[in-house]
């Protein structure tokens with residue numbers, strides 16, 4: 011089913027207008043206030059992306075700001091990177107997420123509890139506590155536990171594998187695979 015102008019408008023108006031703007035300097039508050047003037051044109055630009063799969067690289071630009079975590083940061087780890095994306099890019103991703111929301115529970119393993127509505131990361135914390143509660147009992151066979159730090163896991167995503175895996179889920183999402191590829195891989199980041 012094609013993306014509708016109403017979906018796009020709803021996505022614009024769902025974005026918090028106090029969020030920082032992207033490199034183009036326009037906040038969602040601007041688009042709300044000027045909707046009667048710019049609404050038709052920006053809607054058409056986004057519909058064009060959904061019909062052709064092509065996106066201007068300026069729309070997909072992101073400004074990364076480093077926000078200090080402590081009062082006098084001295085190392086990079088004491089900063090939190092914040093990605094400021096252009097509102098049009100946010101709208102595109104919001105529409106994609108809304109379209110995929112109905113099948114995310116089928117795509118995401120039941121053991122993945124973060125970022126899925128109706129699931130809680132606290133469940134995995136409780137599971138880990140249960141698993142480790144009797145870990146040092148002498149009557150149990152020897153075993154080993156590993157703690158893996160995945161702070162930068164997004165940087166290690168194998169995009170070709172992700173695209174192939176999504177394609178295997180069938181025609182319901184295959185049309186979005188190319189759009190996801192464009193929106194996630196072909197972008198400009200400035201720090």
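In our numbering, the protein residues as written are 11 to 201. All C-beta atoms in this analysis are idealised placements derived from N, C-alpha and C, irrespective of residue type, glycine included. Remember, it's a predicted structure, so these values are computed and weren't measured experimentally.
Apart from the five residues just before and just after residue 9, which ones in its own chain have a Cβ nearer than 8 Å to its Cβ? With the chain covering 11 to 201 only, the question about residue 9 has no answer from this structure.
What is the DSSP secondary structure of residue 38, reduced to helix, strand or coil? For residue 38, the secondary structure class from DSSP, reduced to helix, strand or coil, is helix.
Three Cβ pairs or more, each shorter than 8 Å: is that satisfied between the stretch 94-104 and the stretch 66-85? A contact exists between the stretch 94-104 and the stretch 66-85.
Assigned exposure category for residue 140 - 16 Cβ within 10 Å defines buried: Per the 10 Å Cβ criterion, exposed.
Nearest to residue 46 by alpha carbon, out of 130, 19, 109, 76? Residue 46 has its Cα closest to that of 19, out of 130, 19, 109, 76.
Is DSSP giving residue 113 helix, strand or coil here? Residue 113: helix per DSSP, three-state reduction.
Please report the residue range of the alpha helix (DSSP H) in which residue 62 lies. Per DSSP, residue 62 is one residue of the alpha helix (DSSP H) stretching across 45-62.
Per DSSP, cross-strand counterpart(s) of residue 89: For residue 89, which the question treats as bridged, DSSP gives the partners 78.
Is it buried or exposed for residue 106, if we count other Cβ within 10 angstroms and need 16 for buried? It is buried - the Cβ of residue 106 has at least 16 other Cβ atoms within 10 Å.
Measuring only the C-alpha atoms, how far is residue 87 from residue 50? CA-to-CA, the gap between residue 87 and residue 50 works out to about 43 Å.
For residue 71, the three-state DSSP class (helix, strand or coil): If DSSP states are grouped into helix, strand and coil, residue 71 belongs with the strands.
Contact under 8 Å by Cβ, residue 133 with residue 126: Not a contact, by the Cβ cut-off of 8 Å.
Could you check which residue in 138, 171, 148 has the C-alpha nearest to that of residue 157? The shortest C-alpha separation from residue 157 is found at 138.
I believe residue 73 touches residue 112 by the beta-carbon criterion, under 8 Å. Please report the beta-carbon distance rounded to the nearest angstrom. With a beta-carbon spacing of about 32 Å, residue 73 and residue 112 fall beyond the 8 Å limit used to define contacts.
Residue interval of the alpha helix (DSSP H) (run including residue 124): Taken as a continuous stretch (DSSP letters only), residue 124 belongs to no alpha helix (DSSP H), as it is neither H nor E.
Residue environment, residue 38, which counts as buried when at least 16 other CB atoms sit within 10 Å: Buried.
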